[in-house]
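>
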Amino acid sequence: MSIDPDRVSPPADMAETDTQQEEPARSESPDRGDVQQLRTRWREVQGAFVDDPHDAVSRAAELVTDLVDEVTARYQERTKTLAGQWSGGDHADTENLRTALCSYRDLFDDLLEVR
């Protein structure tokens, strides 16, 4: 019999409403200007399809690849930062480890949303 992790409540000291410890910021999403620029580029790609379908698809692939690379780099940096906060051997106290686990939970949730 397996346990459904969505039905198991975290211990009270790890509840998401815990505000006693400042936790690292969640990954920054692109600002509105970046999103608008990406959407503009996408519209240009779509508009170019009628005149040159092959080039439009090639540009679409490049745009999506660039975006995936950017998002991947952001999550890799966040993972690296988290690892640096607790992986210093036996020097991390329980509170630091609790904070790290909460941060990993946030990252996990973010990644599930992207998935």
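Counting with the numbering used here, you get residues 2 to 116 for the letters of the sequence shown. No residue lacks a Cβ here, since even glycine has one placed at the ideal position from N, Cα and C.
1. Taking His55 as part of the alpha helix (DSSP H), name the residues at either end of that continuous run.
2. Given this structure, state the Cα-to-Cα distance separating Asp110 from Thr73, to the nearest angstrom.
3. Is the stretch 80 to 88 touching the stretch 101 to 115 in the sense that three or more CB pairs, one from each, lie closer than 8 Å?
4. Suppose you measure from the CA of Val36 to the CA of Ala93; what does that come to, to the nearest Å?
5. Does DSSP put Asp111 in a helix, a strand or coil?
6. Using the three-state DSSP reduction, which class does Met15 fall into: helix, strand or coil?
7. With DSSP as the reference, label Val51 as helix, strand or coil.
8. Look at the alpha carbon of Gly54 and the alpha carbon of Asp32, and state the distance between them as a whole number of angstroms.
9. Thr80 to Asp107, Cα distance in whole Å?
10. Work out the CA separation of Arg116 and Arg42 for me, nearest whole Å.
11. Taking the straight line between their C-alpha atoms, what separation do you get for Leu39 and Leu64?
Here's the rundown:
1. 54 to 87
2. 15 Å
3. yes
4. 38 Å
5. helix
6. Any reading at Met15 must be qualified, since the residue scores a pLDDT of 47, below 50, and its modelled position is unreliable; the value itself is stated next. Residue state, collapsed to three classes: helix.
7. coil
8. Note that residue 54 corresponds to Pro in the displayed sequence, not to Gly. Rounded to whole angstroms, Pro54 to Asp32 spans 30 Å at the Cα level.
9. 11 Å
10. 23 Å
11. 8 Å
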